[in-house]
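Asker: In the working numbering, the protein residues as written are 225 to 411.
Starting off with a structure, shown below.
What follows is the structure in structure tokens.
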């Protein structure tokens with residue numbers, strides 16, 4: 225089913241996320257849009273909207289972006305700013321939202337591990353991991369401008385885009401790092 229119309233929107237900015245069972249999907253939308261079918265991103269903030277596979281809206285959470293599904297059917301979302309800074313958990317019934325942990329005010333791009341026990345995310349350009357219960361935060365890539373963390377289906381590997389500017393150059397180079405890891409170490 226087509227969910228968007230012709231637009232100048234960068235569709236990667238929608239951060240589409242499909243639930244594990246394929247029953248629902250989540251999009252980041254302009255806060256002023258009432259459905260998943262729209263013509264472009266506007267001003268006025270964003271929201272995470274959750275739809276079933278027939279494009280019927282199930283819930284929306286204004287002031288949040290970039291949803292990632294958990295195995296239990298809940299979501300991790302990033303706060304857009306203001307009072308909504310950091311990472312938040314939306315329950316599997318799409319009724320409540322609560323902050324995962326304090327101290328990561330610029331957290332974005334969450335990626336839930338396949339077993340649902342950890343979240344990788346970007347904070348201040350660095351890749352971090354944290355327990356789904358908000359414990360054991362660890363920096364995985366320090367001192368780079370990193371984005372789009374992801375996990376392999378078996379949870380043994382992570383990948384991320386790391387942007388670097390080589391000495392003497394003004395052009396940014398995107399590097400993709402893939403690394404095997406265990407739960408006590410970073411990349």
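Positions of the beta carbon are idealized from the N, C-alpha and C atoms, including for glycine.
Measure the beta-carbon distance from residue 335 to residue 373 and round it to whole angstroms, keeping in mind my assumption that it falls under 8 angstroms.
Answerer: 5 angstroms
Asker: Taking only three categories from DSSP, how would you classify residue 251?
Answerer: strand
Asker: Please report the Cβ distance between residue 296 and residue 340, rounded to the nearest whole angstrom; I am assuming they are in contact, meaning their Cβ atoms lie under 8 angstroms.
Answerer: Contact flag correct, Cβ pair sits at about 6 angstroms.
Asker: To which residues of the same chain is residue 353 closer than 6 angstroms at the C-beta, ignoring the five residues directly before and after it?
Answerer: Cβ neighbours of residue 353 beyond the five flanking positions: 342, 344, 362, 364.
Asker: Can you tell me whether DSSP reads residue 311 as helix, strand or coil?
Answerer: strand
Asker: Which of helix, strand or coil does DSSP assign to residue 267?
Answerer: Any reading at residue 267 must be qualified, since the residue scores a pLDDT of 45, below 50, and its modelled position is unreliable; no value is offered.
Asker: Closer than 6 angstroms by C-beta to residue 286: which residues in its own chain qualify, once you throw out the five before and the five after it? Chain order, please.
Answerer: Result list for residue 286: 255, 271, in chain order.
Asker: For residue 245, count the other beta carbons within 10 Å of its own beta carbon; 16 or more makes it buried, fewer makes it exposed. Which is it?
Answerer: exposed
Asker: DSSP state of residue 324, grouped into three classes?
Answerer: The answer is coil: DSSP assigns residue 324 none of H, G, I, E or B.
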